[in-house]
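Enquirer: I'd like to ask some things about the structure below.
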Amino acid sequence: MPYSDFFPAPGNCLIKNNSWHFQYIIAEPMYLEHFHLNKSPFDEKADTKIFFKHAGRGELLRKLSEALRGGKPLIKIIGNEGSGKTMLCRLLLQQLSGKNFDSVYLDNPVGSFDDLLHVVCLDLGMDPTLTTERDMLSELHDLLALRKKEQKKVVLIVDEAEKLFLATLERFMRAICETGDDYGLYVVLVGRPTLDANLGQLTVYCSNVDIKEGYVLEPLTAEETADYLDFRLRAAGLSENGPEKIFTEGAVQKIFESAGGNLRLINILAEEALQASSSDKSFLVLLDHVAGQEDQHKTKIGALVVPTSLQSKKMLFAGAAILIILLLVFLFRGQGNKEPDKQLAKPDKQLGHLVQSDHPPPPEQLPPPTAAADTEAVTVQQSTVSETKAISSTKKQPPPEVDTLKPAIVELKPEGVKSIPKADEKAQEKVKEAVAVTGKVRKNPSRSGEELYQERIRASAKWLAGAYHNSYTVQLMMLASEQATPNIKKMLTEDEYSAIKDKLYILRKKTSPPTLFVFYGTYDSMEQARQARNNMPLFLRKHHPYALSISDALKKTED
4 MPYSDFFPAP
14 GNCLIKNNSW
24 HFQYIIAEPM
34 YLEHFHLNKS
44 PFDEKADTKI
54 FFKHAGRGEL
64 LRKLSEALRG
74 GKPLIKIIGN
84 EGSGKTMLCR
94 LLLQQLSGKN
104 FDSVYLDNPV
114 GSFDDLLHVV
124 CLDLGMDPTL
134 TTERDMLSEL
144 HDLLALRKKE
154 QKKVVLIVDE
164 AEKLFLATLE
174 RFMRAICETG
184 DDYGLYVVLV
194 GRPTLDANLG
204 QLTVYCSNVD
214 IKEGYVLEPL
224 TAEETADYLD
234 FRLRAAGLSE
244 NGPEKIFTEG
254 AVQKIFESAG
264 GNLRLINILA
274 EEALQASSSD
284 KSFLVLLDHV
294 AGQEDQHKTK
304 IGALVVPTSL
314 QSKKMLFAGA
324 AILIILLLVF
334 LFRGQGNKEP
344 DKQLAKPDKQ
354 LGHLVQSDHP
364 PPPEQLPPPT
374 AAADTEAVTV
384 QQSTVSETKA
394 ISSTKKQPPP
404 EVDTLKPAIV
414 ELKPEGVKSI
424 PKADEKAQEK
434 VKEAVAVTGK
444 VRKNPSRSGE
454 ELYQERIRAS
464 AKWLAGAYHN
474 SYTVQLMMLA
484 SEQATPNIKK
494 MLTEDEYSAI
504 KDKLYILRKK
514 TSPPTLFVFY
524 GTYDSMEQAR
534 QARNNMPLFL
544 RKHHPYALSI
554 SDALKKTED
């Protein structure tokens, strides 16, 4: 079961999951009580009960229904990410339900034509025991013929259709042309502008279907943005007897300019603005409460400047190391023919310089690669470092013991080229034996939820020690139940969360039942934390995260 079912968006405060038999509490946004709202007004989850019909959305939905009832075989809807395409798809499905239409909805159309057609046929009632070796197009025609006898039409809605492989899209177009009006199949392709470009390459394959005509979801204007903000606040329970406007004109204008009329960005900025206004104990969202383009620009510049400065420092150190090495080589060559015995008798000073160098000179010749090349390279490096340390530690040893270090001393040839000491033969033999048995370097087995949980607890201990006192983070969720810890452990083993586990931090509060807070990332400024919140994966944004200081996060765990 996906964790989006475990942790739904705030608004559902107390949830009981029948499968796992546990209860937990999702932390609601702090501003709900402050503004007397029933739920979050700017939740990103598409809720068909809250549909903004202005900005041409309601009119577009009406035209879509009319086009399908009029028998148009292909309908195209183009819009940028976050423009409200998924909401339109779900509303269209609702309108067609029970009106002589059977609908099939594909929301992630990644795969071959036969794979997608197999899913469509299953939704239309195909026997699931049939293998994919069967001709799916023939099966689809049979299913459509049955629907036609029942005087029903089939509408296939493909959301995010820009993800369709070009070859798959081509076969879809051919299938639409071959099917025609005889079977009553209608296709709605919904996607980003790249879908339009892909369709433009396929005009020659389907001359009897107009793929140029379609609908475009335009961004909101400044006036429509103000209406949208007010509409969502009223839908979230803002009293008619309360303030006429919460967002001031300056705040609305800044949101419009920063979001460019994009609904998703408007939701994100408005959510952050409500949080900031609530923190200031203000009942109006002012201009300063909105994170605008300047904040995002500063974050981007900071992200560029830091790596550049680090790179410059690395180059400086590397250049200094090379100069030191060249100087040592010159000195060794100058004294090599005159006093070779003295050089060998006094290795401490010379080798001390070599130890201090962070970048030893590369050898002229390297040993040939083997089946365990990568592993052996690590072994050689470790052995070289350990031998060098052993040499440097002999400064306090009596002079007679210098001769015993000859095999480990870097030899200076007449040409001035250094040779690399050999790695530990026993270590190499162990690696070779392991490779011979397994055929490859062993990989660590998948880690358990307990190990991952303890790792994140240890990482979070630095917060308690004050290491990140002036830093910021993003709160993902709060769980309060006897099963909170087991559920977090299981969550960490899921693919989605395992991929970002190094950014997760867990704090515990001694309550009954226990309370766990899950945070995402550490950042140098509030702007960076907000930017991370805006760009984090959608499955995390469903938890309704918000940026805060780590100091405030620690206060949540105080008894």
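If you count the sequence shown from 1, you need to add 3 to reach the numbering used here. Where a beta carbon is used, it is the ideal one built from N, C-alpha and C, also for glycine.
For L277, I'd like the list of residues in its chain whose CB is within less than 6 Å of its CB, leaving aside the five on either flank, ordered along the chain.
Expert: The residue labelled residue 277 in the question sits at position 274 within the sequence shown. Counting only Cβ-Cβ distances below 6 Å, and skipping sequence neighbours, we find Y34.
Enquirer: Can you give, in chain order, each stretch of the beta strand (DSSP E) that sits fully within the stretch 164 to 243 and has at least 3 residues?
Expert: 188 to 194
Enquirer: If we count Cβ pairs, one from each stretch, closer than 8 Å, do we get three or more for the stretch 225 to 243 versus the stretch 82 to 102?
Expert: No, the stretch 225 to 243 is not in contact with the stretch 82 to 102.
Enquirer: Under the assumption that N270 contacts F45 (Cβ atoms under 8 Å), give the Cβ distance between them as a whole number of angstroms.
Expert: Reading the sequence shown from its first residue, position 267 is the one you call residue 270. Reading the sequence shown from its first residue, position 42 is the one you call residue 45. About 4 Å; that satisfies the 8 Å criterion.
Enquirer: One question on the structure: do L140 and L120 come within less than 9 Å of each other, judged by their Cβ atoms?
Expert: Taking the first residue of the sequence shown as position 1, residue 140 is located at position 137. Taking the first residue of the sequence shown as position 1, residue 120 is located at position 117. Closer than 9 Å, so yes.
Enquirer: Terminal residues of the continuous beta strand (DSSP E) containing A483?
Expert: As a working note, residue 483 is residue 480 in the sequence shown. Taken as a continuous stretch (DSSP letters only), the beta strand (DSSP E) holding A483 covers Y475 to A483.
Enquirer: Quick check on this structure: which residue in V477, F250 and G82 has the alpha carbon closest to the alpha carbon of D291?
Expert: As a working mapping, residue 291 is identified with position 288 in the sequence shown. Looking at the Cα atoms, F250 is the closest of the given residues.
Enquirer: In chain order, what residues of the same chain have a beta carbon less than 7 Å from the beta carbon of G59, not counting five sequence neighbours either side?
Expert: Here residue 59 refers to the residue found at position 56 when the sequence shown is read from its first residue. Same-chain partners within the cutoff: E221.
Enquirer: Can the beta-carbon of L543 be found closer than 9 Å to that of T496?
Expert: By 1-based counting over the sequence shown, the position of residue 543 is 540. By 1-based counting over the sequence shown, the position of residue 496 is 493. Against a cut-off of 9 Å, the Cβ pair of T496 and L543 comes out as no contact.
Enquirer: At what residues does the alpha helix (DSSP H) containing Y500 begin and finish?
Expert: Taking the first residue of the sequence shown as 1, we reach residue 500 at position 497. Note, Y500: alpha helix (DSSP H), D498 to S501.
Enquirer: If you run the structure through DSSP and keep just helix, strand and coil, what is R93?
Expert: Numbered from its first residue, the sequence shown carries residue 93 at position 90. Three-state result, R93: helix.
Enquirer: As an exercise, report each continuous alpha helix (DSSP H) stretch of at least 4 residues that is fully enclosed by the stretch 77 to 134, in chain order.
Expert: 88 to 99 and 116 to 126
Enquirer: For N41, collect the residues of the same chain with a Cβ closer than 7 Å to its Cβ; drop the 5 residues on either side in sequence, then sort them by chain order.
Expert: Position 38 of the sequence shown holds residue 41. Excluding positions up to five away in sequence, the list reads A239 and G240.
Enquirer: Assuming I258 contacts L272 (C-beta within less than 8 Å), just tell me the rounded distance between them.
Expert: What you label residue 258 is simply residue 255 of the sequence shown in a count that begins at 1. What you label residue 272 is simply residue 269 of the sequence shown in a count that begins at 1. Confirmed, about 5 Å.
Enquirer: Going by DSSP in three states, V381 sits in which element: helix, strand or coil?
Expert: Indexing the sequence shown from 1 puts residue 381 at position 378. Below a pLDDT of 50, predicted positions are generally treated as unreliable, and V381, at 38, falls in that range; the measurement from the model is reported next regardless. Of the three classes helix, strand and coil, the one that applies to V381 here is helix, per DSSP.
Enquirer: So, is A550 buried or exposed, given that buried needs 16 or more other C-beta atoms within 10 angstroms?
Expert: Position 547 of the sequence shown holds residue 550. A550 should be labelled buried.
Enquirer: What is the residue span of the beta strand (DSSP E) that S552 lies within?
Expert: As a working mapping, residue 552 is identified with position 549 in the sequence shown. First-last of the beta strand (DSSP E) with S552: Y549 to S552.
Enquirer: Look at the Cβ atom of I503, then the Cβ atom of R459, and state whether they are nearer than 9 Å.
Expert: Reading the sequence shown from its first residue, position 500 is the one you call residue 503. Reading the sequence shown from its first residue, position 456 is the one you call residue 459. Their beta carbons are not under 9 Å apart, which means I503 does not touch R459 by this criterion.
Enquirer: Hey, is G240 close to the ligand GTP, as in C-beta under 8 Å from one of its heavy atoms?
Expert: Among the ligands in the structure shown, none appear at all, so the ligand GTP cannot be discussed.
Enquirer: What does the alpha-carbon distance come out to for the pair E163 and P112?
Expert: The residue given as residue 163 occupies position 160 in the sequence shown. The residue given as residue 112 occupies position 109 in the sequence shown. For E163 and P112, the distance between alpha carbons rounds to 7 Å.
Enquirer: In the DSSP assignment, what are the bridge partners of L519?
Expert: Counting from 1 along the sequence shown, the entry for residue 519 is found at position 516. Note: L519 sits in a beta bridge opposite L482 and R511.
Enquirer: Quick check on the burial criterion: 16 or more other C-beta atoms within 10 angstroms. Buried or exposed for A200?
Expert: Stepping through the sequence shown from its first residue, residue 200 is reached at position 197. Residue environment for A200: exposed (fewer than 16 other C-beta atoms within 10 angstroms of its C-beta).
Enquirer: Pull up the DSSP beta-bridge partners for I160, would you.
Expert: Counting from 1 along the sequence shown, the entry for residue 160 is found at position 157. According to DSSP, I160 bridges with Y108 and V191.
Enquirer: Within 10 angstroms of the Cβ of P131, are there 16 or more other Cβ atoms? Answer buried if so, exposed if not.
Expert: Residue numbering aside, residue 131 sits at position 128 when the sequence shown is read from its first letter. Exposed is the call here.
Enquirer: Where do the N-terminal and C-terminal ends of the alpha helix (DSSP H) with A563 fall, by residue?
Expert: An answer regarding residue 563 cannot be provided, because it is not within the stretch 4 to 562 covered by the chain.
Enquirer: Less than 6 Å between C-beta atoms, sequence neighbours within five positions excluded: which residues of the same chain meet that for E165?
Expert: On the sequence shown, position 162 is the one that residue 165 refers to. Closer than 6 Å at the Cβ level, and outside the excluded window around E165, lie G194, R195, T197 and L198.
Enquirer: Work out the CA separation of M480 and E47 for me, nearest whole Å.
Expert: Taking the sequence shown and counting its residues from 1, the one referred to as residue 47 is at position 44. Taking the sequence shown and counting its residues from 1, the one referred to as residue 480 is at position 477. Between E47 and M480, the C-alpha separation is close to 16 Å.
Enquirer: So the candidates are L67, L519 and S484; which of them puts its Cα closest to the Cα of S463?
Expert: Here residue 463 refers to the residue found at position 460 when the sequence shown is read from its first residue. Comparing Cα positions, the closest option is L519.
Enquirer: If you compare alpha carbons, which of N103, T476, R65 and T171 is closest to S554?
Expert: Taking the sequence shown and counting its residues from 1, one reaches residue 554 at position 551. Closest by alpha carbon: T476.
Enquirer: I'd like the list of long-range same chain contacts for T488, defined as Cβ closer than 8 Å, with 5 residues on each side in sequence excluded.
Expert: Reading the sequence shown from its first residue, position 485 is the one you call residue 488. Excluding sequence neighbours, T488 sits near Y456, P517 and L519.
Enquirer: Got a sec? Which residues, its chain only, sit under 6 Å from S106 by beta carbon, not counting five neighbours each side?
Expert: For the purposes of this step, residue 106 is taken as residue 103 along the sequence shown, with counting starting at 1. So the list reads L96, L99 and V158, once near-sequence residues are dropped.
Enquirer: Could you pull the start and end residues of the alpha helix (DSSP H) that G452 belongs to?
Expert: Here residue 452 is taken as the residue at index 449 of the sequence shown, counted from 1. Start and end: G452 to L467.
Enquirer: For V293, which three-state DSSP category applies?
Expert: On the sequence shown, residue 293 is found 290 positions in, with the first residue counted as 1. Correct three-state label for V293: coil.
Enquirer: In three-state DSSP terms, what is G253?
Expert: The residue given as residue 253 occupies position 250 in the sequence shown. G253: helix per DSSP, three-state reduction.
Enquirer: Give the secondary structure of Y471 by DSSP, where H, G and I count as helix, E and B as strand, and everything else as coil.
Expert: Position 468 of the sequence shown, counted from the first residue, corresponds to residue 471. Y471 falls in the coil class under three-state DSSP.
Enquirer: Please list the terminal residues of the continuous alpha helix (DSSP H) segment that includes M529.
Expert: Position 526 of the sequence shown, counting from 1, holds the residue named residue 529. Per DSSP, M529 belongs to the alpha helix (DSSP H) from M529 to N538.
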